[in-house]
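Novice: Going by the UniProt record's numbering, the residue at position 77 of the sequence shown is 77; the numbering climbs one at a time, nothing skipped.
Every residue, glycine too, gets a C-beta built ideally from N, C-alpha and C.
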Amino acid sequence: MILLISDLHLEQERPDITRAFLHFLQTRAVHAEALYILGDFFEVWIGDDAISPFQRTISTALRELSETGTQIFLMHGNRDFLIGKAFCREAGCSLLNDPTLLELPSGPVLLMHGDSLCTRDEAYMRMRRILRNPLTLWVLRHLPLSTRHKLARKLRNESRSQTRMKAADIVDVTPDEVVSTMRQHGVRTLIHGHTHRPATHKLEIDGQTATRIVLGDWDRQGWALQIDDQGMRQSAFSLSD
């Protein structure tokens with residue numbers, strides 16, 4: 001069994017999500033061969049050297065899970081793209097490239113965070129190219145912590161205000177980009193997060209049926225996609241269970 005989750009946006013201000021996640025690790029993930037976290041695991045991450053006691057609680061829980069035999073894979077999101085190798089070593093997880101091909105008995109599956117598919121949001125895509133540039137990443141990691149905290153708050157506030165102002169189709173994936181990406185990687189199944197719109201979409205690529213699964217975000221409820229011998233099933237659950 002494999003589990004996939006995304007967009008938990010873990011932060012100290014949401015203890016309900018944290019409690020639900022720790023419970024999820026202890027009751028479901030502990031029985032899985034692998035757990036894939038497809039981005040925006042944390043609400044904000046300003047560098048491995050700035051890990052807080054709260055974030056260390058999460059890394060400890062992941063390490064404990066990994067020691068039971070469950071493999072943990074973590075992909076960067078648009079909120080936590082500064083997570084580095086030091087955190088992963090501490091948490092017992094492996095960083096995934098975005099995108100990544102997951103080989104299953106039923107065929108290859110493409111895993112993505114999903115923000116790179118939102119090409120109609122031209123302002124965001126410009127900012128993404130700047131922030132993900134290796135030189136920018138180096139500079140960000142070497143800024144004083146106080147500066148990084150201020151910059152993170154600024155980007156976070158701007159992102160929230162701009163998202164509220166943009167049309168729904170602008171902040172969703174671009175259909176043509178989805179088809180192009182799936183065709184490029186030779187897959188008929190794509191799994192991603194980012195848009196906070198959990199659903200299973202059927203589409204056609206070169207005359208063949210294809211599937212795009214959008215993982216749900218953890219806010220009013222939690223979401224997890226389970227892959228096993230019975231297929232793929234995404235389900236929601238209460239954060240208070």
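Using DSSP with H/G/I as helix, E/B as strand and the rest coil, what is E204?
Specialist: strand
Novice: Please classify D229 as buried or exposed, where buried requires at least 16 neighbouring CB atoms within 10 angstroms.
Specialist: Looking at its Cβ environment, which holds fewer than 16 other Cβ atoms inside 10 Å, D229 is exposed.
Novice: Taking 8 angstroms as the threshold (C-beta atoms), are L3 and A29 in contact?
Specialist: yes
Novice: Going by C-alpha to C-alpha distance, which of T57, D49 and E33 sits closest to L10?
Specialist: T57
Novice: Name the residue from L74, R89 and D16 whose alpha carbon lies nearest to the alpha carbon of residue 248.
Specialist: This structure does not reach residue 248, given that the chain is present from 1 up to 241, and the question cannot be answered.
Novice: Spatial neighbours of R128 within its chain, please: C-beta separation below 6 angstroms, excluding the five flanking residues on both sides.
Specialist: none
Novice: Do you know offhand how far S52's Cα is from S146's?
Specialist: 14 angstroms
Novice: Is D40 closer than 8 angstroms to G77 when the C-beta atoms are compared?
Specialist: yes
Novice: Can you check which of these residues, H142, T209, C88 and L74, is closest to H192 by C-alpha distance?
Specialist: Among H142, T209, C88 and L74, the Cα nearest to that of H192 belongs to L74.
Novice: Do V173 and C118 have their C-beta atoms within less than 8 angstroms of each other?
Specialist: yes
Novice: Ignore the nearest five residues each way along the sequence and tell me which others in A32's own chain have a CB closer than 7 angstroms to its CB.
Specialist: M1, I2, L3 and T70
Novice: Quick one: residues in its chain with C-beta nearer than 6 angstroms to the C-beta of Q12, no 5 flanking neighbours on either side, listed in chain order?
Specialist: F54
Novice: Would the segment 86-102 count as touching the segment 147-157 if we require 3 or more Cβ pairs under 8 angstroms?
Specialist: no
Novice: Look up H15 in the DSSP assignment and say whether it is helix, strand or coil.
Specialist: The amino acid at residue 15 is misidentified as His; the sequence shows Pro. P15: helix per DSSP, three-state reduction.
Novice: Compute the distance between the beta-carbons of L82 and G47, then report whether it is under 8 angstroms.
Specialist: In this structure, G47 lies closer than 8 angstroms to L82 by Cβ.
Novice: Inspect the CB distances between the segment 106-115 and the segment 187-205 and report whether three or more fall short of 8 angstroms.
Specialist: yes
Novice: CB W223 to CB I5, shorter than 8 angstroms?
Specialist: yes
Novice: Which term fits T68, buried or exposed, when burial requires 16 or more other beta carbons within 10 angstroms of its beta carbon?
Specialist: T68 sits exposed, since fewer than 16 C-beta atoms from the chains shown fall within 10 Å of its C-beta.
Novice: Taking Cβ to Cβ, would you say Q221 is nearer than 8 angstroms to A210?
Specialist: no
Novice: Give me, in chain order, the residues of the same chain whose beta-carbon lies closer than 7 angstroms to that of E158; leave out the 5 immediate sequence neighbours on both sides.
Specialist: none
Novice: Report the three-state DSSP secondary structure of S146 (helix, strand or coil).
Specialist: helix
Novice: Hey, could you find the ends of the beta strand (DSSP E) H192 is sitting in?
Specialist: For H192, the uninterrupted beta strand (DSSP E) run begins and ends at T189 to H192, by DSSP.
Novice: Quick one: what does DSSP say P108 is sitting in, helix, strand or coil?
Specialist: strand
Novice: What would DSSP say about D115, mapped onto helix, strand or coil?
Specialist: helix
Novice: How about D7 and F42: do their beta carbons lie closer than 8 angstroms?
Specialist: No, Cβ-Cβ distance for D7 and F42 is not below 8 angstroms.
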